[in-house]
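Protein chains: 2
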Amino acid sequence: MKIVTAVAPVNIAVIKYWGKRDETLILPINDSISATLSLEHMCAKTSIVCSPDLTETKFWLNGELQPTDSKRFQNCLREIKKLVNPNLEYLSWNLSICSENNFPTAAGLASSAAGYACLVYALAKIYEINGNISSIARMGSGSACRSIFGGWVRWQMGNTTDGSDSLAVQIAPETHWPEMRVLVLVVNDKTKTYSSTSGMKTSVETSTLLKHRAANIVPQRTKEMITAIKNKDYKTFAKLTMQDSNQFHAVCLDTYPPCFYLNDTSRAIIELIHFYNQNKGETKVAYTFDAGPNACLYLLEKDVAEVIAMINYVFPPTSLKSDYFKGDTVPSKKLDEVSLK
Amino acid sequence: MKIVTAVAPVNIAVIKYWGKRDETLILPINDSISATLSLEHMCAKTSIVCSPDLTETKFWLNGELQPTDSKRFQNCLREIKKLVNPNLEYLSWNLSICSENNFPTAAGLASSAAGYACLVYALAKIYEINGNISSIARMGSGSACRSIFGGWVRWQMGNTTDGSDSLAVQIAPETHWPEMRVLVLVVNDKTKTYSSTSGMKTSVETSTLLKHRAANIVPQRTKEMITAIKNKDYKTFAKLTMQDSNQFHAVCLDTYPPCFYLNDTSRAIIELIHFYNQNKGETKVAYTFDAGPNACLYLLEKDVAEVIAMINYVFPPTSLKSDYFKGDTVPSKKLDEVSLK
Chain A
1 MKIVTAVAPV NIAVIKYWGK RDETLILPIN DSISATLSLE HMCAKTSIVC SPDLTETKFW
61 LNGELQPTDS KRFQNCLREI KKLVNPNLEY LSWNLSICSE NNFPTAAGLA SSAAGYACLV
121 YALAKIYEIN GNISSIARMG SGSACRSIFG GWVRWQMGNT TDGSDSLAVQ IAPETHWPEM
181 RVLVLVVNDK TKTYSSTSGM KTSVETSTLL KHRAANIVPQ RTKEMITAIK NKDYKTFAKL
241 TMQDSNQFHA VCLDTYPPCF YLNDTSRAII ELIHFYNQNK GETKVAYTFD AGPNACLYLL
301 EKDVAEVIAM INYVFPPTSL KSDYFKGDTV PSKKLDEVSL K
Chain B
1 MKIVTAVAPV NIAVIKYWGK RDETLILPIN DSISATLSLE HMCAKTSIVC SPDLTETKFW
61 LNGELQPTDS KRFQNCLREI KKLVNPNLEY LSWNLSICSE NNFPTAAGLA SSAAGYACLV
121 YALAKIYEIN GNISSIARMG SGSACRSIFG GWVRWQMGNT TDGSDSLAVQ IAPETHWPEM
181 RVLVLVVNDK TKTYSSTSGM KTSVETSTLL KHRAANIVPQ RTKEMITAIK NKDYKTFAKL
241 TMQDSNQFHA VCLDTYPPCF YLNDTSRAII ELIHFYNQNK GETKVAYTFD AGPNACLYLL
301 EKDVAEVIAM INYVFPPTSL KSDYFKGDTV PSKKLDEVSL K
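Heads up: the protein sequence lines correspond to chains A and B, in order.
Quick note: the first sequence, position 122, residue 122 per the UniProt record's numbering, numbers continuous.
Quick note: the second sequence, position 216, residue 216 per the UniProt record's numbering, numbers continuous.
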């Protein structure tokens with residue numbers, strides 16, 4: 001019997017992934033960039049047992065049995081197994097896979113990114129595979145490929161039809177910009193109304209603005225973002241982050257029928273942050289929103305205390321639907337293996 | 001002494017005007033199309049007294065004295081006076097102008113369009129001017145030029161720098177599509193947070209999606225909309241109307257800082273209408289939102305009763321902040337003169 005447990009971090013994009021050019025292989029229509037958060041507050045954890053005594057492969061997510069015939073799960077397993085030494089004695093044994101997120105699942109908090117990164121990493125460990133497994137994680141959930149690395153990560157869209165060049169690379173390690181912090185503001189921890197998968201599919205089919213964004217705006221913005229990160233230029237980084245979040249949600253609204261992820265509380269947070277920055281006379285905080293109403297704020301360590309106080313003042317914790325902060329976390333460690341037997 | 005009273009209708013755009021290429025002349029970056037509503041429920045009313053006894057020109061809006069040195073007011077007055085017979089004895093007399101809207105002002109319900117159309121029309125009457133005064137109304141408030149005509153109206157953006165070809169033309173009279181109805185759902189009748197003027201200025205300066213929309217999307221969409229109106233093709237008309245409303249709000253979100261006009265109630269209305277159309281198996285209702293959270297629904301007379309019942313069921317009147325319906329109105333009469341002495 002083999003047992004592996006792994007944990008994997010969440011990543012929060014600052015240049016957004018929205019739209020696939022290949023639904024099965026999960027190949028995107030533009031590059032994206034994210035920071036990987038520390039494992040301290042939010043992570044996915046996966047344990048895998050591989051044993052000759054198991055009569056079938058089973059997969060639990062947060063205590064609920066999942067179908068193992070899903071395309072995404074099967075694709076990850078198949079691609080991992082392609083890399084396994086065919087003489088490995090336990091290759092034919094069944095698996096018992098148990099995954100958990102310590103934060104709300106499918107609430108637009110990158111749970112599937114952490115989850116699939118963790119699953120693929122744990123599979124790679126159990127089958128003793130080395131190398132860049134980000135393109136395999138990508139087949140589980142696109143943005144999962146970015147959670148394979150720590151620090152600042154770019155998912156290169158790639159050009160080939162087989163997706164072999166659509167993988168994540170590290171722009172800078174977590175040590176590069178040690179002052180950077182992320183605050184996660186949980187506006188609503190319920191499962192989102194529009195899944196990212198169907199939302200982005202409809203966007204690709206119906207939004208003329210998305211085509212323009214992917215082809216003509218993101219390439220330049222990606223370059224500018226990489227430069228801003230490398231130079232630790234917070235002002236430029238913050239503006240690009242907010243603009244790209246807004247443009248992603250604009251594209252969702254240009255989708256037909258439209259998909260909405262921001263709500264009135266999200267909008268109030270956006271307005272508050274612009275008001276705060278304007279009053280401070282400099283950019284102190286940047287917001288970004290994924291496919292849900294919850295805000296992620298990027299800011300420097302020196303400003304964390306004041307910003308938390310300001311947000312607690314404007315949004316007393318009782319006005320929100322869940323724990324207010326998931327804690328301040330930093331772009332941080334590489335995918336971390338907790339225990340490996 | 002000369003006295004004139006005029007009323008002017010509201011128009012609701014189905015292809016949206018957003019963005020000026022000239023701030024002073026109010027020249028737009030794309031064509032727009034609207035229907036002019038009947039005067040029955042919503043209108044602006046302006047009375048002008050012209051008398052040698054008046055010591056200065058004064059202007060009241062909804063009972064409040066307004067500055068008469070505003071550029072917009074002065075531009076309208078100057079352009080009208082250019083067309084006046086210089087021998088007209090009362091050309092030098094001062095004016096007492098009194099305007100009222102019978103619906104919320106500056107709440108994204110096209111109050112300035114009706115207001116300036118009415119002002120310019122009343123001025124034209126008092127000075128005995130004939131001809132297309134839509135380009136003068138445009139200098140008061142861009143979309144006012146469309147309220148000069150009844151039925152279905154196109155504001156041609158024009159190309160000249162002096163704006164002489166940026167004017168409204170009628171696509172079809174109010175009798176063309178007699179089954180068409182408009183429902184106005186007042187979500188919030190408060191003055192909007194972001195004025196249209198400053199919002200669209202910021203959009204032009206910062207939104208890359210707006211440039212693409214104006215140059216590459218609206219021209220084709222305008223053609224399709226005109227064809228749909230001429231053919232009374234409700235299905236195509238409705239889809240284009242909803243798509244263009246959504247794209248306009250997408251551009252607002254792509255603006256930096258973003259401007260928000262839709263709120264959670266607006267979004268709930270959008271979702272309800274897509275749900276309703278889907279359940280009916282055909283497009284029965286189309287929504288459109290201007291620079292505010294209030295919805296305008298375009299639908300055919302046969303469906304009005306059921307749609308009103310459905311909306312009253314989902315949004316009981318007490319859940320909204322104001323009178324629920326401003327009434328069902330039709331694309332209707334030409335600018336109507338009530339009294340002219």
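Each residue gets a CB set at the ideal place from its N, CA and C atoms; glycine is no exception.
Q) In chain order, what residues of the same chain have a beta carbon less than 6 angstroms from the beta carbon of B:Leu-123, not counting five sequence neighbours either side? A) Ile-80
Q. In the structure shown, what three-state DSSP assignment does B:Lys-16 receive?
A. Residue state, collapsed to three classes: coil.
Q.
Assuming contact is defined by CB atoms lying nearer than 7 angstroms, are residue 352 of chain A and A:Thr-241 in contact in what I supplied?
A. For chain A, the structure presents residues 1 to 341; residue 352 of chain A sits outside this window and is missing.
(Q) On a Cα-Cα basis, can you pick out the residue from A:Tyr-298, A:Ala-137, A:Ile-148, A:Phe-248 that is closest to A:Leu-39? (A) A:Ile-148
Q.
Closest to A:Arg-72 by C-alpha separation, out of A:Cys-296, A:Gly-115, A:Gln-247, A:Asn-102, would be which residue?
A. Of A:Cys-296, A:Gly-115, A:Gln-247, A:Asn-102, the residue nearest in Cα terms is A:Gly-115.
Q: Tell me whether B:Thr-288 sits in a helix, a strand or coil according to DSSP, three-state version.
A: strand
Q) Can you tell me the Cα-Cα spacing of B:Ala-305 and B:His-41, whole angstroms? A) 18 angstroms
Q | Under 9 angstroms by beta carbon: chain C residues contacting B:Asp-290 | A | No chain C is present in this structure, whose protein chains are A and B.
Q: Closer than 7 angstroms by beta-carbon distance: list the chain B residues that pair up with A:Thr-208, in chain order.
A: Ile-217
Q | 6 angstroms Cβ shell around B:Val-285 - same chain, five flanking residues per side excluded | A | Excluding sequence positions up to five before and after B:Val-285, its CB lies within less than 6 angstroms of the CB of Ile-273, Leu-297, Leu-299, Val-307, all in the same chain and listed in chain order.
Q: Go ahead and pull the three-state DSSP assignment for B:Asp-69.
A: Note: B:Asp-69 maps to coil in three-state DSSP.
Q.
Ignoring anything shorter than 3 residues, give me the beta strand (DSSP E) runs that lie fully in the UniProt domain "Mvd1 C-terminal" (182 to 333) of chain A, in order along the chain.
A. 285 to 289, 295 to 300, 325 to 329
Q) Which of the three DSSP states, helix, strand or coil, is assigned to A:Ala-110? A) coil
Q: Please name the residue in B:Ala-172, B:Asn-231, B:Pro-219, B:Cys-259 whose C-alpha comes closest to that of B:Ser-203.
A: B:Cys-259
Q: For B:Asn-277, count neighbouring Cβ atoms within 10 angstroms of its own Cβ and tell me buried if that reaches 16, exposed if not.
A: buried
Q: Taking all protein chains shown into account, decide if residue 342 of chain B is buried (16 or more other Cβ within 10 angstroms of its Cβ) or exposed.
A: Residue 342 of chain B is absent from the structure shown; chain B starts at 1 and stops at 341.
Q | Of the residues A:Ser-134, A:Phe-289, A:Ile-269, the one placed nearest A:Tyr-313, counting alpha carbons only | A | A:Ile-269
Q | Close beta carbons around A:Thr-197, own chain, < 7 angstroms, minus the five adjacent residues each side | A | none
**Q.** Burial state of A:Val-4 (16 or more Cβ within 10 Å)
**A.** Buried, by the Cβ-count rule.
Q: Using a Cβ-Cβ cut-off of 7 angstroms, state whether A:Asn-246 counts as contacting chain B.
A: yes
Q) On the premise that A:Leu-253 lies in contact with B:Leu-253, defined as a C-beta separation below 8 angstroms, what is that separation, rounded to the nearest angstrom? A) 6 angstroms
Q: Compare the C-beta of A:Pro-293 against all C-beta atoms of chain B and say whether one is closer than 7 angstroms.
A: Chain B contact via Cβ: absent.
Q | For A:Ala-137, the first and last residue of its enclosing alpha helix (DSSP H) | A | 134 to 140
(Q) So, for residue 354 of chain A: in the same chain, excluding its five sequence neighbours on each side, which residues have a beta-carbon less than 6 angstroms away from its beta-carbon? (A) The structure shown has nothing for residue 354 of chain A, since chain A only spans 1 to 341.
Q.
Please classify A:Met-180 as buried or exposed, where buried requires at least 16 neighbouring CB atoms within 10 angstroms.
A. buried
Q. Out of curiosity, what's the CA-to-CA distance linking B:Pro-173 and B:Trp-152?
A. 6 angstroms
Q: Indicate the three-state DSSP secondary structure (helix, strand or coil) for A:Val-10 in the structure shown.
A: coil
Q.
With a threshold of 7 angstroms between beta-carbons, can A:Arg-267 be considered close to chain B, or not?
A. So yes, A:Arg-267 belongs to the interface.
Q) Leaving out the 5 sequence neighbours to the left and right, which residues in its chain are closer than 6 angstroms to A:Ala-137 when beta-carbon positions are compared? A) Tyr-116, Ala-117, Val-120, Ala-144, Cys-145, Ile-148
Q) Looking at the C-beta of A:Leu-253, does it have a partner C-beta in chain B at a distance below 7 angstroms? A) yes
**Q.** Same chain, Cβ closer than 7 angstroms to A:Ala-228, neighbours up to 5 away in sequence not counted
**A.** Once the five neighbours on either side are set aside, the close Cβ partners of A:Ala-228 are Thr-236, Phe-237, Leu-240.
Q. When you check each C-beta in the stretch 16 to 42 of chain B against every C-beta of chain A, which residues fall closer than 8 angstroms?
A. none
Q | Contact list for the stretch 120 to 149 of chain A against chain B, Cβ threshold 9 angstroms | A | none
Q: Out of A:Cys-50, A:Phe-59, A:Glu-56, A:Leu-61, state which residue places its alpha-carbon closest to the alpha-carbon of A:Leu-88.
A: A:Cys-50
Q) When we look at the beta-carbon of B:Ala-6 and count the other beta-carbons within 10 Å, is it buried (16 or more) or exposed? A) Buried is the call here.
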